[in-house]
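Report on the structure given below.
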Amino acid sequence: MGSIANNSSDTNSPIATSEILAELQQGKLWMINARRKNGLILRKPYHVDFAGPGAIIGGVFDSDVIGIIPVGNLSLLQPEKSAERQKAYLIRRQWVKLLKQITDKPMPEQRAQVILNQFENWFDLETAEELSDETFALLIGVLPQTISRVRNRVDRSEI
445 MGSIANNSSD
455 TNSPIATSEI
465 LAELQQGKLW
475 MINARRKNGL
485 ILRKPYHVDF
495 AGPGAIIGGV
505 FDSDVIGIIP
515 VGNLSLLQPE
525 KSAERQKAYL
535 IRRQWVKLLK
545 QITDKPMPEQ
555 RAQVILNQFE
565 NWFDLETAEE
575 LSDETFALLI
585 GVLPQTISRV
595 RNRVDRSEI
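Numbering of the sequence shown is given in the working numbering, commencing with residue 445 and proceeding in unit increments.
Written out as structure tokens, the structure reads:
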């Protein structure tokens with residue numbers, strides 16, 4: 445399985461975000477390394493997707509991507525076997541379902557609380573803090589001010 449990493453301490457050569465974006469726009473398939481706490485936020489013309497560990501990115505599904513935001517210590521692998529691709533598509537679908545469950549919550553502050561808590565659990569507090577309010581807002585369909593308000597609460601369990 446071929447791989448690239450966006451980390452200079454990795455044994456693989458680092459790749460720039462602009463290069464990853466160009467390859468996605470050309471339809472190249474990659475898989476988010478399932479053995480690391482990492483992911484990729486994919487900005488599209490009318491929405492934003494998140495692909496977490498183990499998920500496939502690229503191909504016809506992401507050729508319309510206009511921007512990407514690495515989450516955590518991004519490491520991409522090239523799936524070589526059909527079974528690897530199939531499993532990665534299933535995992536991508538699971539990430540889509542998880543995001544949908546969050547966006548289905550009726551109250552914007554609930555959505556903000558859940559996405560922040562999930563990212564802190566999936567990754568860590570520092571990684572979640574690196575992502576902007578706007579990025580989280582785009583993921584779940586709320587205003588950036590809503591994310592900021594919830595982030596600044598001492599006790600998020602009150603929502």
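Positions of the beta carbon are idealized from the N, C-alpha and C atoms, including for glycine.
DSSP, reduced to helix, strand and coil, places residue 520 within a strand of the structure shown.
Residue state for residue 500 is assigned as strand, using DSSP reduced to three classes. The beta carbon of residue 533 is closer than 8 Å to those of 500 in its chain, skipping five residues each way along the sequence. For residue 542, the three-state secondary structure derived from DSSP is helix.
Rounded to whole angstroms, the gap between the alpha carbons of residue 484 and residue 537 is 14 Å. Beta-carbon to beta-carbon, residue 560 and residue 595 are separated by about 6 Å, close enough to satisfy the 8 Å threshold. Per the C-alpha coordinates, the member of 463, 467, 542, 579 positioned closest to residue 562 is 542. Here the stretch 538-557 does not lie against the stretch 502-512, with fewer than 3 beta-carbon pairs under 8 Å apart. Collapsing the DSSP output to three states places residue 596 in coil.
Residue 497 holds the alpha-carbon nearest to the alpha-carbon of residue 531 among 497, 481, 517, 518. Its chain contains 572 as the residues whose beta carbon lies nearer than 7 Å to that of residue 564, once the 5 sequence neighbours on both sides are disregarded; these appear in chain order.
Per DSSP, reduced to three states, the secondary structure at residue 505 is helical.
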